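Student: Following this message is one structure expressed as structure tokens.
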Amino acid sequence: MKRPTGTIYWIYLFLFVMLGYWVLTDSGGLFGSQAEIEYSTFKQQLRSDNIESVHIQGDRIRGEFRESQVLNRTEADTTSHKNFVTVIPSFGDEGLSSLLEENDVVITAESDSDGFWWYFLIFSMPLFFLLIIGYMFYRRMQMQGRGMFNIGKSQAKLQEPGKNKTTFDNVAGMDGAKTELREIIEFLKDPKRFEEIGAKLPKGVLLMGPPGTGKTLLARAVAGEAGVPFFTITGSDFMEMFVGVGAKRVREMFKQAKEKSPAIIFIDEIDSIGRKRGAGVGGGHDEREQTLNQLLAELDGFEPSENVIVMAATNRPDILDPALLRPGRFDRQITVDLPSQNSRHEILKIHAKNKTIDESVNLDKIARSTPGFSGADLENLLNEASLYAGRNKRRKIIMDDIENARDKIMMGLEREGMQIDDDEKKILAYHEAGHAIVAAALPNSDPLHKVSVIPRGKAMGQTMQLPEKEKYLYNKEYLLDRMAVIMGGRAAEQLIFNTATSGAQNDLMRVAKLSRKMVVEWGMSDKFGHLAFGSDEEDVFLGRDMTRQKSYSDATAREIDEEVQEISREAYERAVKILQKHKDAFDQLAELLIEKEEVSGEEVLKLMKKDQDSD
Ligand code: NHX
Ligand code: ZN
């Protein structure tokens, strides 16, 4: 049965208190019939010696008649009354006391208790509210499954070896990481063998890599392969509103793990407790530091023979406290990168297993066209594709579904509600055509995938390029071409409409960032040659040095700025030249875009070819 919810409970209590008040103060006259009589009536009854007793309470008199009185105040009301109530006039009545005595009336009195009850109510109100708040608080904590009394308990979830079916077969790619971890698995399977040789195994393994790359999966697979209990916890689970709780939870968790050893403890998102101490805005954070100190102490404390290995994952290794990375702690650091094209293919195969996919689907082609996708992105990709297929009442996922899903993930959700009028549609079409024509004309830029004037995500239209193959290095020619392509949008606005729009904001930003990087970080400017000035990092919040020393003079800073501007200007001018040269294809593409809204890369290339042939 469901217990009454908090609010209802309090409403009941409130009503109960009100009722009690009502009864006690007698104002409702629950006990016996009681007549309200005029003061003069009362005096008259007193003189005729018909008052047995009075009870004086402030300015009110309650009393009893000697003989019941029939007081017909209205025709209908002819009840006889034994009790009465009346009020002493505010100017007082001096003769009253002697009159009462003369007639042998029993007098009782009470201090102004009416007022007392009011005072009671007023003073108890804050207490009452405090109780309500306290109760709600308590309920909320209970609802989170961590009642008041659980507060110091470990929040780590235990997965028994039998239940964990994850093995390295479930993990595609990551060959380097797997090799590293095999050693640890061997150790966990047969600790004695290693102990006999006197080998000391790392206590902590830190998995670092971007989100969605399968760090948790990898840790789970290690536990599955080794067949040992697996404790998982997220860094933020240690945190509670009370100082010292985190530290206690760390202690508890290690105690539990030691009891079950050999075992693996996995701390996800360790950066939330493992951040550099004493850093960040607003100074230290007592609770977090205590928790971290306790974690360090536990790592130092347990002996290798206890066979507990701590794995941790983070996507921000740079903000971790250096103490965590010292030998004897997380000294084994494994980078988990975004998957390569081959790994993406493997990952897709794994996720395709529990989906019905048409034979015509070429997973390798998908892997090629999804650079920068993480494992989680790929999983999401196939799921979105299956949703598309379902929406279109298909029984199998076809290539189109996957491509649709990919475009959605890469460019954002279509914004169907956005109405664009014809004038703006024209600007938009020319802007995108500008990007596309420059991209098609330049030899070093990534091949065009698609041009679209359908609003998606933040952008009203976009030009998509897909690299032919995985790139880890970008040469100067590629970067210069890329900047020209991005400038193509603004160049188109200028050429066709002789104006500039605010829409190019994002394009301009990207060009500015790229050109600054070329000068400052990559040593690619003609003026400075092969010289880097060091980068200035952005995240001031995350415990980095906020006052990075510049390694160059103000005069150089000015020169850098000039060089950056020069590179951006050149990119713009190259774009203008290309658009002028291919004016026919440019116009045709813009018209095609207005008509069809989406144009594929191949179609753009065809237009370009026709244009060149007619030259
Ligand atoms: C606005 N949006 O904000 C309108 C609705 C030049 C025709 N008033 O360059 O859509 O102006 O080549 C990531 C990606 C802001 C972040 C794109 C943040 C775009 C997109 C502004 C086309 N395509 N601009 C483009 C565009 C705009 C914007 C973004 C972003 C426009 C341009 C957005
Ligand atoms: Zn643009």
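Offset between the sequence shown (1-based) and my numbering: plus 1117. The beta-carbon is built from N, C-alpha and C at its ideal position, and this holds for glycine as well. Bear in mind the structure is a predicted one, so any value in this text is a computation, not a measurement.
#1: Who are the Cβ neighbours of N1623 in its own chain at under 6 angstroms, not counting the five residues just before and after it?
#2: Leaving out the 5 sequence neighbours to the left and right, which residues in its chain are closer than 8 angstroms to K1542 when beta-carbon positions are compared?
#3: Is it true that the CB of L1441 sits closer than 8 angstroms to the CB of G1391?
#4: Who pairs with V1425 in a beta bridge, going by DSSP?
#5: Any contact of the segment 1632-1651 with the segment 1673-1692, i.e. 3+ C-beta pairs under 8 angstroms?
#6: Does E1184 come out as helix, strand or coil in the three-state DSSP assignment?
#7: How far does the beta strand (DSSP E) with M1581 in it extend, from its first residue to its last?
#8: Using DSSP with H/G/I as helix, E/B as strand and the rest coil, what is D1656?
#9: Could you give the DSSP three-state label for A1609: helix, strand or coil?
#10: Of all the beta strand (DSSP E) runs that stay within the bounds of the segment 1540-1604, which reach a length of 3 or more residues?
#11: Quick one: give me the first and last residue of the beta strand (DSSP E) that H1172 is part of.
#12: Taking the alpha carbon of M1725 as the point to measure from, which residue in I1695, K1713, E1715 and E1714 has its own alpha carbon closest?
#13: Can you give the Cα-Cα distance for Y1138 and W1234, rounded to whole angstroms?
#14: To the nearest angstrom, how far is the alpha carbon of Y1505 from that of A1522?
#15: In the DSSP output, what is F1201 paired with across the bridge?
#16: With DSSP run on the structure shown, which of helix, strand or coil describes S1717?
#17: Looking at H1368: is its Cβ nearer than 8 angstroms to the Cβ of Q1411?
#18: Within 10 angstroms of the Cβ of D1560, are there 16 or more other Cβ atoms? Answer buried if so, exposed if not.
#19: How long is the line joining the alpha carbons of D1307 and R1433, rounded to whole angstroms?
#20: Give the straight-line distance between the Cα atoms of I1207 and S1157, rounded to the nearest whole angstrom.
#21: My assumption, with CB atoms under 8 angstroms, is that S1170 sits in contact with V1204. Please give the rounded CB distance.
#22: Would you mind reading off the limits of the alpha helix (DSSP H) that contains K1525?
#23: For chain C, check one thing: does any of its Cβ atoms lie closer than 8 angstroms to the Cβ of F1208?
#24: Among the residues of its own chain, which have a CB less than 8 angstroms from the CB of I1467, if the five just before and after it don't count?
#25: Once the 5 residues before and after S1491 are set aside, which same chain residues still bring their CB inside 6 angstroms of it?
#26: I need the straight-line Cα distance from A1609 to L1722, nearest angstrom please.
#27: Would you say the beta carbon of I1544 comes nearer than 7 angstroms to a heavy atom of ligand 1?
#28: With distances taken Cα to Cα, identify the nearest neighbour of Y1547 among Q1151, S1717 and A1702.
#29: Is T1452 helix, strand or coil by DSSP?
#30: What does DSSP give as the partner residue(s) for Q1276 in the beta ladder?
#31: Is the segment 1444-1454 touching the segment 1294-1305, taking contact as three or more C-beta pairs under 8 angstroms?
#32: Distance, Cα to Cα, A1343 vs P1444?
#33: Going by beta carbon distance, what residues of the same chain come within less than 6 angstroms of P1572, once the five residues before and after it are set aside?
#34: Give the C-beta separation of R1183 and N1167 to the nearest angstrom, bearing in mind that I take them to be a contact with Cβ-Cβ under 8 angstroms.
#35: Measure the beta-carbon distance from M1370 to F1348 and round it to whole angstroms, keeping in mind my assumption that it falls under 8 angstroms.
#36: Do P1488 and E1587 count as a contact pair if the criterion is CB distance below 8 angstroms?
Tutor: On the basis of the supplied data:
#1: none
#2: V1570 and I1711
#3: yes
#4: A1380
#5: The segment 1632-1651 is in contact with the segment 1673-1692.
#6: strand
#7: Q1579 to Q1582
#8: Confidence in D1656 is poor, its pLDDT being 44 and thus under 50, which makes the residue's placement too unreliable to answer from.
#9: helix
#10: 1565-1569 and 1579-1582
#11: I1168 to Q1174
#12: I1695
#13: Their Cα atoms are separated by approximately 8 angstroms.
#14: 8 angstroms
#15: Answer by DSSP bridge pairing, in chain order: A1152 and G1180.
#16: strand
#17: Looking at the sequence provided, one finds Arg at residue 1368 rather than His. Yes, the Cβ-Cβ distance between R1368 and Q1411 is below 8 angstroms.
#18: Contrary to the premise, residue 1560 reads as Pro rather than Asp in this sequence. So P1560 ends up on the exposed side.
#19: 33 angstroms
#20: Here the sequence assigns Ser to residue 1207, which means Ile is not the residue at that position. Taking the straight line from one Cα to the other gives about 14 angstroms.
#21: With a contact defined as Cβ atoms closer than 8 angstroms, S1170 and V1204 miss out at about 17 angstroms.
#22: M1516 to M1528
#23: Absent from the structure: chain C. Only one protein chain is present.
#24: N1287 and A1289
#25: G1329, T1330 and L1455
#26: 18 angstroms
#27: yes
#28: The residue from Q1151, S1717 and A1702 with its alpha-carbon nearest to that of Y1547 is A1702.
#29: strand
#30: F1347
#31: yes
#32: 24 angstroms
#33: R1532 and M1535
#34: 5 angstroms
#35: Sure, about 6 angstroms apart at Cβ, within 8 angstroms.
#36: Yes. Within cutoff.
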